[in-house]
Structures are given as structure tokens and as C-alpha cells.
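Enquirer: The structure under discussion is supplied below as C-alpha cells; questions concerning it will follow.
Protein chains: 2
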Amino acid sequence: MLNSYSSADKALLAVDCIIFGFDHEGLKILLIKRDFEPEKGKWSLMGGFLKRDEILDRAAIRILNTYTGLHDIYMEQLYAYSEIDRDPVERTISVSYYALINIENHNAELIQNYHAKWFSINEMPKLIFDHDEMVQHAIRRLRYRTSIKPIGFELLPEKFTMRQLLELYEAILSKELDKRNFISKINSLEILNKLEEKDMGSSRKGSYLYTFNKEKYEEKLLNDFVLNL
Amino acid sequence: MLNSYSSADKALLAVDCIIFGFDHEGLKILLIKRDFEPEKGKWSLMGGFLKRDEILDRAAIRILNTYTGLHDIYMEQLYAYSEIDRDPVERTISVSYYALINIENHNAELIQNYHAKWFSINEMPKLIFDHDEMVQHAIRRLRYRTSIKPIGFELLPEKFTMRQLLELYEAILSKELDKRNFISKINSLEILNKLEEKDMGSSRKGSYLYTFNKEKYEEKLLNDFVLNL
DNA sequence: TTTATTAATGTTGATTTTACACTTAATAAA
DNA sequence: TTTATTAAGTGTAAAATCAACATTAATAAA
Chain A
356 MLNSYSSADK ALLAVDCIIF GFDHEGLKIL LIKRDFEPEK GKWSLMGGFL KRDEILDRAA
416 IRILNTYTGL HDIYMEQLYA YSEIDRDPVE RTISVSYYAL INIENHNAEL IQNYHAKWFS
476 INEMPKLIFD HDEMVQHAIR RLRYRTSIKP IGFELLPEKF TMRQLLELYE AILSKELDKR
536 NFISKINSLE ILNKLEEKDM GSSRKGSYLY TFNKEKYEEK LLNDFVLNL
Chain B
356 MLNSYSSADK ALLAVDCIIF GFDHEGLKIL LIKRDFEPEK GKWSLMGGFL KRDEILDRAA
416 IRILNTYTGL HDIYMEQLYA YSEIDRDPVE RTISVSYYAL INIENHNAEL IQNYHAKWFS
476 INEMPKLIFD HDEMVQHAIR RLRYRTSIKP IGFELLPEKF TMRQLLELYE AILSKELDKR
536 NFISKINSLE ILNKLEEKDM GSSRKGSYLY TFNKEKYEEK LLNDFVLNL
């Protein structure tokens with residue numbers, strides 16, 4: 356009988372987290388050395404099993420917190436992976452989640468303590484199971500979304516320069532952007548606050564700092580604006 | 356211990372299918388009257404449980420076939436739903452899939468025999484569990500994708516008129532489109548074959564029939580072209 | 001005060017998008 | 001056979017957007 360509950364097969368459900376970060380060196384991803392068998396000692400995404408009384412979104416948050424101490428990170432569900440032997444121990448369906456975070460804001464001691472490590476997306480080690488596929492999928496999604504709506508603010512410090520923003524977009528899209536055109540597009544969205552304050556770290560002249568205007572952004576989102584970079 | 360397999364909770368995995376169709380009346384969705392408890396007799400998406408030796412994509416195909424006799428339908432995974440009590444009988448995580456099909460090509464006796472029924476997306480009954488949410492989610496995704504890449508050919512008969520194509524897009528996007536601009540955009544993609552043959556059903560003059568040129572379409576897809584309607 | 005360094009800024013031509021209305025072909029009815 | 005009817009088919013001009021491009025400004029260091 357097709358739909359009888361009693362005869363249906365159960366499976367383990369896992370959640371794997373793809374955490375993107377950005378700093379002066381470019382776009383990175385947060386990985387851990389797996390501390391249990393199988394594949395102990397190999398590099399892996401942060402993952403864990405879904406609990407009986409937990410929804411997937413919540414599990415993703417818990418798992419990220421367990422491995423990194425990070426909290427209040429907004430993650431988005433990406434895809435469910437279900438190849439029969441993707442986990443050699445037991446049939447496990449894994450749902451991937453991804454997030455964007457600001458490395459400098461979050462790097463602190465936390466990640467050290469929990470031995471997670473940032474890798475440039477161009478210099479990642481081979482990962483266990485189907486995690487490489489998950490990462491590629493997440494990068495595609497990130498690029499896609501970035502080319503449509505301005506995300507990326509999560510990846511920068513609260514105050515940032517136009518150059519930082521530009522470099523972030525270049526890293527995500529992995530192509531060069533024209534500085535002047537980029538700036539005028541961003542300005543035309545009117546979702547940034549230009550501060551009086553300058554960042555003097557990068558040049559003699561100093562460059563203005565900006566903050567992200569969340570209210571205006573939310574307002575614009577309603578009319579689903581598109582950012583064509 | 357966070358990651359021990361033995362202590363992890365298992366759950367049932369379901370797949371639910373959202374099948375979109377289009378005919379002269381507009382955009383529709385295929386539903387069934389549920390024939391087992393709970394919620395027996397209520398309208399529902401076509402769903403079933405994932406088997407031990409089956410991947411999700413494959414389960415979606417099997418379930419659709421079981422309820423409708425349809426086969427060779429390409430479906431795409433949408434989202435995993437995991438609210439604790441979304442299924443009142445037992446903890447069940449459901450992964451939704453959606454597809455677009457051509458009602459006239461597929462309506463035959465099959466769907467009758469299996470008592471699935473088409474509903475206009477504007478006149479759907481209330482569905483069981485969280486199926487309404489799944490449908491809304493799928494409609495959003497369909498609109499989004501349609502505005503980016505030309506899908507929709509799956510929803511039309513092999514030979515179709517420009518008017519049919521236009522009305523399909525209008526139904527999916529639920530907005531009016533300018534006829535001349537639409538036609539010239541579609542033509543500029545060069546993915547249709549204009550036939551000698553005319554459809555005389557709709558007017559004295561008759562309107563040319565077109566077929567979809569799959570080779571050219573695949574070729575274009577590689578350069579990810581965008582259709583801005 | 002000169003030099004070196006990076007930030008800031010605007011214009012133009014090309015392309016794309018949008019808005020908009022009349023003519024044509026085929027047939028049915030008179 | 002003439003006329004009326006119906007939807008199909010077609011083009012243009014104005015507006016908006018995009019892409020390419022180089023010089024000046026501010027400051028610290030020498």
C-alpha cells in the first residue's frame with residue numbers, strides 16, 4: 356500500500372551548513388576537521404543530525420553554534436541531498452543551509468576554540484561525502500542571488516568603504532566591475548548612509564565610511580528591485 | 356554526543372508534487388482526493404514516502420506516476436518542510452517537487468482513472484497539512500524562474516500560436532504583457548520554428564503555428580541568457 | 001614644497017526597453 | 001460579389017539604462 360505510514364522506511368536527517376565569509380583576502384568558507392568516524396580528521400562542512408523536536412531551520416542554527424559559538428546568524432535553506440550511499444554508515448538525507456557572515460565581526464576567539472577554519476573558496480581542501488557538491492551549489496546560488504538583490508552587507512563590518520563593497524561583489528561574482536558604474540548603481544538604490552567619518556587605513560586621502568540603511572532596504576525589497584551588475 | 360549516529364532520531368521522509376498545467380482557461384494545478392487517513396477525502400498534493408533504496412528525484416517521479424500514470428516528467432526540487440506536527444500521525448519531513456506539463460498532451464484517460472483533478476490556481480480548495488504553503492511557494496518560484504529563463508514550453512502543445520505563448524506568460528506572471536514587445540523579444544531569442552501551417556480555430560485570418568527548437572534553446576542556455584518580460 | 005598614493009567624480013555614445021495604432025488576411029454574412 | 005467582422009501581424013520613436021572611459025582632490029611622507 357503506497358501510503359501506509361507503518362510500512363514506510365525511516366531515515367536519518369542531517370543538516371550541513373555552508374558559511375561564507377569575506378575579508379581583505381576575498382571570499383572564504385568555514386570548515387571543520389571532523390572529529391568522529393567515519394572520515395575522522397578530514398575536512399568537512401559543519402553538520403549534525405536533526406532532532407525529534409526540532410525543525411530544520413532551528414537545527415541549522417544549533418549546529419552552527421555548536422561548532423563555532425556563533426549565534427544570531429540568518430541561514431537560508433538550499434537543497435536536500437539524498438543519494439543512497441552519500442553517508443556510508445547509514446541512509447542519511449542531508450539538507451544544506453547557507454549563510455553569509457562578516458569574518459572580522461565574528462572571528463574572535465570563538466572559531467579558534469572550536470577549531471573551525473576559514474578557507475579561500477579557491478583553495479579549499481577536498482571535503483568528505485558530497486560536501487564539495489553542496490559547496491559548489493551554494494556558490495552558484497550566492498552568485499545568482501547577489502546579481503539580483505543586494506546581499507553582501509552581512510559580509511562586511513558595520514562601517515565599510517565603497518572599495519570594500521566593490522571587492523566583495525567582485526569576489527562573489529568572480530569578475531571585475533567598473534568602479535564608477537558600481538558606485539553610481541549602489542548610490543541609486545539609496546540604501547547606504549554616507550558618514551562624515553573616513554577610514555584612513557588605506558590611503559593618504561582617506562575614504563568615506565558607509566553604513567547600510569536597513570529600513571530603506573526593507574522598503575525597497577517590497578517592490579522587488581533588481582541590481583544588475 | 357553531537358554526532359553519534361546511533362543516538363540520532365529518525366524520521367519519515369515524504370515527497371509532495373506540485374504539478375502545474377496550462378490550457379485555454381489559464382494556469383492550473385493537479386490535485387487528488389486523499390484516499391487514506393488522516394484527512395481522507397480532502398484535497399491534497401500528490402505525495403508519498405521515500406523508500407530505503409530510492410533517491411528523492413526518483414521518488415517524486417514514482418509518486419507522480421502512481422497517481423496519474425504520467426511518466427517522463429521532469430521535476431525540480433523546491434524545499435524541505437519540517438514543522439514538528441505538519442503531519443499529525445508521525446514526524447515527517449516533506450520535500451516538495453514541482454513540474455510544468457501540458458494539459459492537453461497529458462490529460463487523456465490517465466488522470467480520470469486515477470481521479471486526480473485540475474484546479475485553476477485561483478480557485479483551489481483548501482489543502483491538507485501545509486500543502487497550501489507549498490503551493491504558494493511553488494507559484495513564487497515559477498514566476499521567478501519564468502521571468503528569467505524561458506520555460507513554459509512544457510506547458511503548451513507541440514505546435515502553438517504566439518497568442519497561446521503570450522497568454523501562458525501572462526497567466527504565470529499574472530500581469531498583462533504588450534503583444535508586440537513580447538513577440539519581438541521571443542523572436543530575438545531565436546528558439547522557435549515558425550511553421551507554414553496555421554491554426555484556423557481562433558480567427559478568420561488564422562495564426563501561424565510554432566514549434567519549440569530544443570537544440571537552439573540548449574545552446575543558448577549555456578550562455579545563460581535572460582528574458583526580461 | 002614636492003611627491004606619491006588612493007579616493008572621488010561625470011559625460012557620452014550605444015543599447016535596450018517601453019509605449020503605442022494601423023493594416024492585412026481570411027472568412028461569413030448579406 | 002460585396003461588405004462586414006475578427007484577430008493577426010507589423011514598426012517606430014522616445015525614454016531609460018548600460019558601458020566605457022580619465023582627470024582632479026586630499027592628504028601624508030619625504
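Chains as they are written, first to last, in this note's numbering: chain A, 356 to 584; chain B, 356 to 584. Just so you know, even glycine gets a beta-carbon here, dropped at the ideal spot from N, CA and C.
If you measure beta-carbon to beta-carbon, which residues of the stretch 437-452 of chain B are closer than 7 Å to chain A?
Expert: Within the stretch 437-452 of chain B, the qualifying residues are Ser-437, Glu-438, Ile-439, Val-444, Glu-445, Arg-446, Ile-448 and Val-450.
Enquirer: Spell out whether any CB of chain B is found under 8 Å from the CB atom of Lys-484(A).
Expert: Taking the first residue of the first sequence as position 1, residue 484(A) is located at position 129. Correcting the residue type first, residue 484(A) is Phe in the shown sequence and not Lys. Judged by the 8 Å Cβ criterion, Phe-484(A) is not in contact with chain B.
Enquirer: With DSSP as the reference, label Ala-414(B) as helix, strand or coil.
Expert: Residue 414(B) sits at position 59 when you count from the first residue of the second sequence. Helix, per DSSP.
Enquirer: In the structure shown, what three-state DSSP assignment does Val-490(A) receive?
Expert: Stepping through the first sequence from its first residue, residue 490(A) is reached at position 135. The answer is helix: DSSP assigns Val-490(A) an H, G or I state.
Enquirer: Any beta carbon of chain B sitting closer than 8 Å to that of Ile-410(A)?
Expert: Sequence index remark: in the first sequence, residue 410(A) carries index 55 (1-based). Yes, contact with chain B.
Enquirer: Spatial neighbours of Ser-502(A) within its chain, please: C-beta separation below 8 Å, excluding the five flanking residues on both sides.
Expert: Within the first sequence, numbered from 1, the residue matching residue 502(A) stands at position 147. Only Leu-528, Leu-582, Asn-583 and Leu-584 meet the Cβ criterion.
Enquirer: For Ile-439(A), does the count of other Cβ atoms within 10 angstroms reach 16, so buried, or fall short, so exposed?
Expert: Sequence index remark: in the first sequence, residue 439(A) carries index 84 (1-based). Exposed: under 16 other Cβ atoms inside 10 Å.
Enquirer: Residue range of the beta strand (DSSP E) that Met-401(B) falls in?
Expert: Reading the second sequence from its first residue, position 46 is the one you call residue 401(B). Per DSSP, Met-401(B) belongs to the beta strand (DSSP E) from 401-404.
Enquirer: Let me confirm a value: Met-356(B) is counted as buried when at least 16 other C-beta atoms fall within 10 Å, else exposed. Which label applies?
Expert: Counting from one through the second sequence, the residue named residue 356(B) turns up at place 1. Residue confidence is low: Met-356(B) scores 47 on pLDDT, short of 50, so the model does not pin down where it sits. Its coordinate-derived value is still stated next. When all chains shown are included, Met-356(B) counts as exposed.
Enquirer: Per DSSP, what kind of secondary structure is Glu-394(A) in: helix, strand or coil?
Expert: For the purposes of this step, residue 394(A) is identified with residue 39 of the first sequence, where counting begins at 1. Coil.
Enquirer: With 16 other CB atoms within 10 Å as the buried threshold, where does Phe-391(A) fall?
Expert: In the first sequence, the residue the question calls residue 391(A) occupies position 36. Classification for Phe-391(A): exposed.
Enquirer: Val-444(A): buried (16+ other C-beta within 10 angstroms of its C-beta) or exposed?
Expert: Residue numbering aside, residue 444(A) sits at position 89 when the first sequence is read from its first letter. By the neighbour-count rule (16 or more Cβ atoms within 10 Å), Val-444(A) is not buried but exposed.
Enquirer: Closer than 9 Å between beta carbons: that is the criterion. Which residues of the stretch 365-386 of chain B meet it against chain A?
Expert: Those would be Lys-365, Ala-366, Leu-367, Leu-368 and Ala-369, in chain order.
Enquirer: Can you find a heavy atom of the ligand PLP that lies under 7 Å from the Cβ of Ser-539(A)?
Expert: The ligand PLP is not part of the structure shown, which contains no ligands of any sort.
Enquirer: Please report how far the alpha carbon of Ile-476(A) lies from the alpha carbon of Ile-373(A), in whole angstroms.
Expert: One-based indexing of the first sequence puts residue 476(A) at position 121. One-based indexing of the first sequence puts residue 373(A) at position 18. So the two alpha carbons sit approximately 11 Å from each other.
Enquirer: Figure out for me which residue from Phe-377(B), Glu-570(B), Arg-518(B) and Glu-551(B) has the closest Cα to the Cα of Gly-536(B).
Expert: For the purposes of this step, residue 536(B) is identified with residue 181 of the second sequence, where counting begins at 1. Note on residue identity: the sequence assigns Asn, not Gly, to residue 536(B). The option with the nearest alpha carbon to Asn-536(B) is Arg-518(B).
Enquirer: Suppose the cutoff is 7 Å on Cβ atoms and the five residues either side in sequence are ignored; what does the same chain contact list for Lys-549(B) look like?
Expert: To locate residue 549(B), count along the second sequence from 1; it is residue 194. So the qualifying residues of the chain are Tyr-563 and Tyr-565.
Enquirer: Quick check on DSSP: helix, strand or coil for Ile-541(B)?
Expert: Residue mapping note: residue 541(B) aligns to position 186 of the second sequence, counting from 1. Of the three classes helix, strand and coil, the one that applies to Ile-541(B) here is helix, per DSSP.
Enquirer: My guess is that Ser-399(A) and Ile-483(A) are in contact by the Cβ rule of under 8 Å, so how many angstroms apart are they, rounded?
Expert: Within the first sequence, the letter at position 44 stands for residue 399(A). Within the first sequence, the letter at position 128 stands for residue 483(A). Confirmed, about 5 Å.
Enquirer: Answer yes or no: does any C-beta atom of chain B fall closer than 8 Å to that of Lys-395(A)?
Expert: Position 40 of the first sequence, counting from 1, holds the residue named residue 395(A). It does not: the Cβ of Lys-395(A) has no partner Cβ on chain B nearer than 8 Å.
Enquirer: Measuring alpha carbon to alpha carbon, tell me which residue in Tyr-572(A), Ile-541(A) and Pro-512(A) is nearest Asp-554(A).
Expert: Taking the first sequence and counting its residues from 1, the one referred to as residue 554(A) is at position 199. Among Tyr-572(A), Ile-541(A) and Pro-512(A), the Cα nearest to that of Asp-554(A) is on Pro-512(A).
Enquirer: Could you tell me which whole alpha helix (DSSP H) segments of length 4 or greater appear in the stretch 452-486 of chain B?
Expert: Entirely contained in the stretch 452-486 of chain B, the alpha helix (DSSP H) runs reaching 4 residues are, in chain order, 458-461 and 463-468.
Enquirer: Give the straight-line distance between the Cα atoms of Lys-534(A) and Leu-521(A), rounded to the nearest whole angstrom.
Expert: By 1-based counting over the first sequence, the position of residue 534(A) is 179. By 1-based counting over the first sequence, the position of residue 521(A) is 166. Taking the straight line from one Cα to the other gives about 7 Å.
Enquirer: Would you mind telling me which residues of chain B sit closer than 8 Å to Arg-407(A), beta carbon to beta carbon, in chain order?
Expert: Looking up residue 407(A) in the first sequence gives position 52. The contacting residues are Asp-364, Ala-366 and Arg-446.
Enquirer: List, in order along the chain, the chain B residues whose C-beta lies closer than 8 Å to that of Tyr-434(A)?
Expert: For this step, residue 434(A) is matched to residue 79 along the first sequence. Simply Gln-432.
Enquirer: Once the 5 residues before and after Asn-420(A) are set aside, which same chain residues still bring their CB inside 7 Å of it?
Expert: Counted from its first residue, the first sequence places residue 420(A) at position 65. The answer, listed in chain order, is His-426.
Enquirer: By the criterion of Cβ-Cβ separation under 7 Å, what are the contact partners of Tyr-469(A) in chain B?
Expert: Locating residue 469(A) in the first sequence gives position 114, where the first residue counts as 1. In chain order: nothing, as chain B lies at least about 12 Å away.
Enquirer: Would you please verify whether the beta carbon of Tyr-360(A) is less than 8 Å from any beta carbon of chain B?
Expert: Taking the first sequence and counting its residues from 1, one reaches residue 360(A) at position 5. Yes, contact with chain B.
Enquirer: Quick check: the Cα distance between Pro-505(B) and Glu-570(A), rounded to an integer number of angstroms?
Expert: What you label residue 505(B) is simply residue 150 of the second sequence in a count that begins at 1. What you label residue 570(A) is simply residue 215 of the first sequence in a count that begins at 1. Each residue's alpha carbon lies about 34 Å from the other.
Enquirer: Would you list, in sequence order, the uninterrupted beta strand (DSSP E) runs of no fewer than 3 residues that lie entirely inside the stretch 493-559 of chain B?
Expert: For the stretch 493-559 of chain B, whole beta strand (DSSP E) runs of length 3 or above, ordered along the chain, are 547-554.
Enquirer: So, is the C-beta of Phe-567(B) closer than 8 Å to a C-beta in chain A?
Expert: Your numbering for residue 567(B) matches position 212 in the second sequence. With 8 Å as the cut-off, Phe-567(B) does not count as an interface residue toward chain A.
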